[in-house]
Ligand code: GAP
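Right under this line is the structure:
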């Protein structure tokens, strides 16, 4: 808890994130990313886009965040996107009823799966009380609470609409156009990064559970019978898996394996899901998530969303001091550091659920035409109703009767075996002479068929990724007998690349050189902070706390030597420093940062994560030994 408080205070103090609307008392569940946080979040989004849109060859779209009610009737969110709510009659506070059970009852990990009635009973059986005021909750009802924010589109009573609870629906409803853009060829993937909204019952843990958050989602459309993922790219990636079977077993534990092995042994059923777990593991490690505090956990059956046939979450352990040993069982020989596991991404096999539903509820076609290798000759049952007989017999309903006969011929040709055939229109039964229907079995040549693609969905929470990176980067050490806090952020996502300081602010020559260095670094495309206020020690601490990987200091010594002007370059994590000619600063920093980023880019081609860690250590080697002992 202390760790979480320290991080939250740092986030507030240094402008990463803070509660929104504080001038008006604050609004629970809404957070503002300050200058450092917004830059960090943008960098995470850019890194995600680079990997999941560009490198994987997908297309990105930007759909509206408000969508009309029929979208969510079709998607199932109106009916099924609920959490369990219990309200305290004394203080009026709302709580997630299932979370109260999970917190209080040791052997229940997934109370949501138990259903409202059982949870209500358990609250009584365990004499649970309101966490806010301590009043007994036994007599309070537990209700399903829909998490969508409702709105009205247009003036007056308008058209009912909702803020999207997942960016995915913006992709699904545009499928008819997107498939044209993909020239009707499966597989193809569409990504979107943007806000999603959920009226969470009890938002908590800072930006971890909020009511407005950013998702980065990829919807991969596949032909389940034909399309296979490029598993070779990730088969050697080492992963820590926590399948449902292990979670349910008394002595269940993690399975340390490779993606290839997990597919072969069917630990992960869908090769597509496995493929994305492999890609995601590589990406998370590249942006700086500590792999010792990272796992993939499969959803238990009662935990899955209404659309998911299978789902694995990427989870990170936050709030743990130091490095956690890897054991789910809490085995004495492998004690785990205390921390909380949070879901940072979900990898769902959504099957044809979404496209099927939108196809049923809308006028459009949510299928693709799958061409056969060769034309096929098939027998088809057809009707050609005699309207001159149907008209007088059924009046206005004649057209509907004809349509119903056509449908019946496709679905049950045997129904036309007798002299009469009966169809139902608008709840009423109509009997027609089979001769009038003109039923026939015809041979037809078909070039292909319309199929509904399946969807595999990696869905990332950007805010939770940011939180994890801050938590895993949060470090403390002692420099010059002083304790310091620094964020060991990967240079690719750090808000600022380099800070430039003139040692003192009252020397014109010093200021001019520092200004020049800052300008040159900006011209080289780096994100630069210039700071001339406070002692140099305080300025270093400030940059350490926002994770700036390098600082350049211009001092009098550097201007006075016989040789060319020199400056000091300091690295964040080691606090080691070197002196180098001012003309070499841009080149040196460019090389250092490009080296950091370059190794990662290169290693992405072969995302074998544990190996990459060694690469990262190695690439520090060339510049560390030459650096002076840590100073301030
Ligand atoms: N389209 C699938 C989907 O929305 P999800 O598991 O509900 O799946 C995906 O959400 C990710 O969005 C989660 O893994 C999490 O990182 C993030 N997320 C979900 N609810 C959130 C909330 N209330 N606050 C912050 N992030 C959230």
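Residue numbers (our numbering): 8 to 639. Just so you know, even glycine gets a beta-carbon here, dropped at the ideal spot from N, CA and C. These numbers were taken from a predicted model, which means no experiment stands behind them.
A contact between stretches requires three or more CB pairs, one per stretch, nearer than 8 Å, and the stretch 509-524 meets this requirement with the stretch 537-555. In the structure shown, the three-state DSSP call for residue 195 is strand.
The alpha-carbon of residue 199 is positioned some 8 Å away from that of residue 175.
The three-state reading of DSSP puts residue 406 in helix, counting H, G and I together. Shown here, residue 50 sits in a helix according to DSSP, grouped into three states. In the displayed model, residue 152 falls within a strand according to three-state DSSP. Remark: the C-beta of residue 199 is outside contact range of the ligand GAP, defined as less than 7 Å to any heavy atom.
Under the three-state reduction of DSSP, residue 272 is assigned to coil, being neither helix nor strand. With a threshold of 7 Å, the Cβ atom of residue 213 does not count as near the ligand GAP, since no heavy atom of the ligand is closer than that.
A direct Cα-to-Cα measurement between residue 472 and residue 229 gives close to 27 Å. For residue 208, the shortest C-beta to heavy atom distance toward the ligand GAP is 7 Å or greater.
Across the structure, residue 235 and residue 223 are spaced so that their CA atoms are roughly 23 Å apart. The DSSP assignment places 427-432 and 435-440 as complete runs of the beta strand (DSSP E) inside the stretch 399-448, in order along the chain (cut-off: 3 residues). In this structure, the CA atom of residue 290 is about 14 Å from the CA atom of residue 498. In this structure, residue 216 has its CB closer than 7 Å to one or more heavy atoms of the ligand GAP.
Boundaries for residue 115: no alpha helix (DSSP H) harbours it, and the DSSP string shows neither H nor E there. When DSSP reads this structure, residue 542 sits in no beta bridge, so it has no partner. In the displayed model, residue 203 falls within a strand according to three-state DSSP.
Per the DSSP secondary-structure output, residue 576 pairs in a beta bridge with 559 and 585. Annotated three-state conformation of residue 457 is strand, per DSSP.
When distances are taken from the beta-carbon of residue 119 to the heavy atoms of the ligand GAP, even the shortest one reaches 7 Å or more.
Contact between residue 596 and residue 517 fails: their C-beta atoms lie close to 20 Å from each other, not under 8 Å. Ranked by Cα distance from residue 192, the options 400, 482, 65 and 82 are led by 65. Each of 124, 118, 112 and 116 was checked against the Cα of residue 135, and the nearest Cα belongs to 112. Under the 10 Å beta carbon count, residue 436 is surrounded by fewer than 16 other beta carbons and is classified as exposed.
Here the stretch 481-489 does not lie against the stretch 368-379, with fewer than 3 beta-carbon pairs under 8 Å apart. Distance from the C-beta of residue 352 to the nearest heavy atom of the ligand GAP is below 7 Å. The distance from the Cβ of residue 144 to that of residue 160 is about 38 Å, inconsistent with a contact at the 8 Å cut-off. Take residue 155, set aside five residues on each side of it, and the residues of its chain with a beta-carbon closer than 8 Å to its own are 79, 84, 85, 88, 169, 170, 172, 204, 205 and 206, in chain order. Ranking 366, 119, 384 and 299 by CA distance to the CA of residue 311 puts 119 first.
If you check the C-beta of residue 355 against the ligand GAP, you find a heavy atom less than 7 Å away. Residue 564 sits in a helix when the DSSP states are folded into three classes.
Annotated three-state conformation of residue 89 is strand, per DSSP. Taking the Cα of residue 243 as reference, the smallest distance to any Cα among 266, 93 and 402 is reached at 266. No Cβ-Cβ contact shorter than 8 Å links residue 349 with residue 520.
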